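The structure appears below as structure tokens.
Protein chains in written order, with my numbering: chain A, 230 to 520; chain B, 212 to 596.
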């Protein structure tokens, strides 16, 4: 019982997700700042931001739906936190059963969908456009993302276990592209493009509600990077897990600094007609047993 | 599809200055736009009228924070025309030299902003880093990073510092190299090309009708550049306008980079061929110009043709009318935004390099009926009471 509580609340659950998620986000900001030839904020800046936002007043805009605006961040935060319990990190794993991959996929989609709903609930034209864009983006990246997960799923009984998938480079590629889309990192920061639609779905959010979204995004970093390290790079011990996590983080940061933001139509075409078919190649290889 | 209005400005992260655009949007496609100004009117033209000519120089420097040197050059040129003053050759060369440096820094700023609007922060920071090279040169030669206050009536304030020409040459070389690099980057990089090519297209025919100025019209294939007329020392510079054929955002960016390279050439030529001698003719502190005398003075600022109309009332201007380049370029937005998507709006706006606070004029909007109209000065005064 204590073990289960420890896993849920300390590692790899709430406390670790909180600390390491913000740390990853901080590293991402710091390293990309150096790539831009600027100093950048300290690594703990995302955490400081969170603390500040939590201490602020909770404002409901006139046209927003307060109930939904509170619910959306909490659900997207909670669904991500659930995912981490399905990922084996070292010896820590709470749920592991045949088909657990589908639960992971389900909760990951939940996170994105409620992220989009947040925009509609806020009753702001920018939030409305941001929500539409987020939905469009989900429709785009989920296809290659799920195909890449299923590719490995066929080999592991649809169960999340450490697996080295270097034989399937396209699946790994599609997974990384999906992560970029899910975390709204460049070149896919389309739903929250500040130059176009201010902050997209988060335009009307402030105070604790915004803080919860920030936390959800930080945990998103932790969850998706961990999933990549375990499921695609086969990290079985704690040390190799963190090494591989940092490797994936590094790749994400490199991609992040290199590309301009795409238009939503371009992102759609890229995911469905370039990355998607590549991911399908690996899926077909697995199904017909050619590897 | 459902059509709705998306407000763009007056406070918006993509706009560095207040400008209000109502975008009529269907999904993500823009079907119409309505631009309104008047958020940043400074009333500078009126303020000229109760200042002496020499004090007006300070004011005209502050019309724009980026191209202040061009404003004083144009203003001074107008006054010198009216006085019939012959400016020393060295002063003319210095005016060109500082102007071209300022053009490089203005263009680099605009291009950095274009990169930022595309969501490519890396390129934005790189271009701004390289812009520092020019800023350093400006500080080295004039003493200030911005607002050099080099122009006075009858010449320039002081001779430039010629001790560090080696450092100048080094920086110029770096700037030239980086500009070539950026042209290559804009033309070849996959995502940059995708965001800028065939976006915000202005055909040559349409450019002729709408007559924007500066790089915006040159990128559409028209070779209109006031520097060709050879004012100041431009007659010795073998100047040819730089044009492009594309007419889209990419072409406007490339034309600006090419102009930077050309400016580097002219700065070098200036430093090499500058004659020795006086830098100004002395004029009395309170310049008197025959009442009723009027003149039009024009130069090519970074954003395009800058026009000053001056009419004298003795020791003060009777009227100063400034036609800033952006004022002449604004209205093409209504044409080049249509048919593109919301993500293209900031890129297109940045690509025409608007300087809103320079161009802003007062409009009166009736809150009840939402009608805009022009009021006379007298009526405006009465409204204020």
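Just so it is clear, CB atoms sit at the ideal spot from N, CA and C, and this is done for glycine as well. Every value quoted in this text rests on a predicted model; they were computed, and no experiment measured them.
Pull up the DSSP beta-bridge partners for residue 199(B), would you.
Lying outside 212 to 596, the shown extent of chain B, residue 199(B) is not represented and no answer is given.
For residue 274(B) and residue 564(B), I'd like the C-alpha separation in whole angstroms.
Roughly 16 Å separates the two Cα atoms.
Answer with buried or exposed for residue 244(A), where buried requires no fewer than 16 other C-beta atoms within 10 angstroms of its C-beta.
Counting Cβ neighbours within 10 Å, residue 244(A) comes out exposed, since fewer than 16 surround it.
Do residue 261(A) and residue 269(A) have their CB atoms nearer than 9 Å?
Residue 269(A) is positioned such that its CB atom lies closer than 9 Å to that of residue 261(A).
So, is the C-beta of residue 258(A) closer than 9 Å to a C-beta in chain B?
No - not a single Cβ of chain B is within 9 Å of the one on residue 258(A).
Got a sec: is the Cβ-Cβ distance from residue 552(A) to anything in chain B below 9 Å?
With chain A covering only 230 through 520, there is no way to say anything about residue 552(A).
6 Å Cβ shell around residue 393(B) - same chain, five flanking residues per side excluded:
Here the set comprises 468.
Assess contact between the stretch 550-565 of chain B and the stretch 420-437 of chain A, defined as three or more Cβ pairs (one per stretch) separated by less than 8 Å. Is contact present?
Cβ pair count under 8 Å is three or more, so yes.
Just to confirm before moving on: does the CB-CB distance between residue 415(B) and residue 448(B) stay below 9 Å?
Result no, Cβ atoms of residue 415(B) and residue 448(B) do not sit closer than 9 Å.
4-residue-minimum alpha helix (DSSP H) runs that sit fully inside the stretch 322-358 of chain A, ordered along the chain:
If we require 4 residues or more, the alpha helix (DSSP H) runs fully inside the stretch 322-358 of chain A come out as 329-350.
Per-residue DSSP class, three states only, for residue 503(A)
When DSSP states are grouped into helix, strand and coil, residue 503(A) belongs to the helix group.
Quick check on residue 355(A) - is its C-beta less than 9 Å from some C-beta in chain B?
Yes, residue 355(A) counts as interfacial toward chain B.
Separation of residue 244(B) from residue 313(B), as counted between CA atoms
Rounded to whole angstroms, residue 313(B) to residue 244(B) spans 33 Å at the Cα level.
Can you tell me which of 450(B), 538(B) and 497(B) puts its alpha carbon nearest to the alpha carbon of residue 472(B)?
When only C-alpha atoms are compared, the closest one is 450(B).
Residues in the stretch 305-331 of chain B having any Cβ partner in chain A nearer than 8 Å
Legend: CB atoms of the stretch 305-331 of chain B lying less than 8 Å from CB atoms of chain A belong to residues 326, 327, 328, 329, 330 and 331.
Are three or more beta carbon pairs between the stretch 330-337 of chain A and the stretch 308-321 of chain A nearer than 8 Å?
The stretch 330-337 of chain A vs the stretch 308-321 of chain A: in contact.
Check whether the stretch 376-383 of chain B touches the stretch 497-508 of chain B, counting contact only when three or more Cβ pairs, one atom from each stretch, lie closer than 8 Å.
Look at the beta carbons and you see the stretch 376-383 of chain B not touching the stretch 497-508 of chain B: under three pairs across the two are nearer than 8 Å.
Between the beta-carbon of residue 279(A) and the beta-carbon of residue 447(A), is there less than 9 Å?
Judged by their CB atoms, residue 279(A) and residue 447(A) are nearer to each other than the 9 Å cut-off.
Span of the beta strand (DSSP E), counted from its first residue to its last, around residue 517(B)
For residue 517(B), the uninterrupted beta strand (DSSP E) run begins and ends at 515-523, by DSSP.
Pick from 425(B), 289(B) and 437(B): whose alpha carbon is nearest that of residue 365(B)?
Among 425(B), 289(B) and 437(B), the Cα nearest to that of residue 365(B) is on 289(B).
Could you tell me whether the stretch 245-262 of chain B touches the stretch 213-232 of chain B, using the rule of 3 or more Cβ pairs below 8 Å?
At 8 Å Cβ cutoff, the stretches touch.
For the ligand ATP, I want to know if residue 296(B) counts as a neighbour, meaning its beta carbon is within less than 8 Å of at least one of the ligand's heavy atoms.
Absent from the structure shown: the ligand ATP. Ligands present: none.
Proximity below 9 Å, CB of residue 494(B) to CB of residue 352(B)
Contact flag unset, no.
At what residues does the alpha helix (DSSP H) containing residue 259(B) begin and finish?
Here the alpha helix (DSSP H) through residue 259(B) covers 255-259.
Entirely within the stretch 369-415 of chain A and at least 4 residues each: give me those alpha helix (DSSP H) ranges in chain order.
DSSP runs (the alpha helix (DSSP H)) wholly in the stretch 369-415 of chain A: 398-411.
Assign residue 349(B) to buried or exposed, taking buried as 16 or more other Cβ atoms, counted over all protein chains shown, within 10 Å of its Cβ.
Buried.
With 9 Å as the threshold, decide whether the Cβ of residue 215(B) is near any Cβ in chain A.
Residue 215(B) counts as touching chain A.
Cβ neighbour criterion (16 or more within 10 Å) applied to residue 291(A)
By the 16-neighbour rule on beta-carbons within 10 angstroms, residue 291(A) is exposed.
Can we say the stretch 362-370 of chain A touches the stretch 404-421 of chain A, given the rule of at least three CB pairs closer than 8 Å?
Under the Cβ criterion (8 Å, minimum of three pairs), the stretch 362-370 of chain A counts as touching the stretch 404-421 of chain A.
Alpha carbon to alpha carbon, what distance is there between residue 432(A) and residue 282(A)?
Between residue 282(A) and residue 432(A), the C-alpha separation is close to 15 Å.
Rounded C-beta distance between residue 373(A) and residue 248(A)? I'm assuming under 8 Å.
So it is not a contact: roughly 31 Å between Cβ atoms.
Can you confirm whether residue 494(A), when its beta carbon is compared against all beta carbons of chain E, has any partner nearer than 9 Å?
The structure shown contains no chain E; its protein chains are A and B.
Assumed close pair residue 320(B), residue 326(B) - CB separation to whole angstroms, cut-off 8 Å:
Not confirmed; about 11 Å, so no contact.
Rounded C-beta distance between residue 533(B) and residue 548(B)? I'm assuming under 8 Å.
Wrong, their Cβ atoms sit about 26 Å apart, outside the cutoff.
So residue 550(B) is in the beta strand (DSSP E); what residue range does that whole segment cover?
Per DSSP, residue 550(B) belongs to no beta strand (DSSP E) and is neither H nor E.
Distance, Cα to Cα, residue 407(A) vs residue 327(A)?
The alpha-carbon atoms of residue 407(A) and residue 327(A) are separated by roughly 23 Å.
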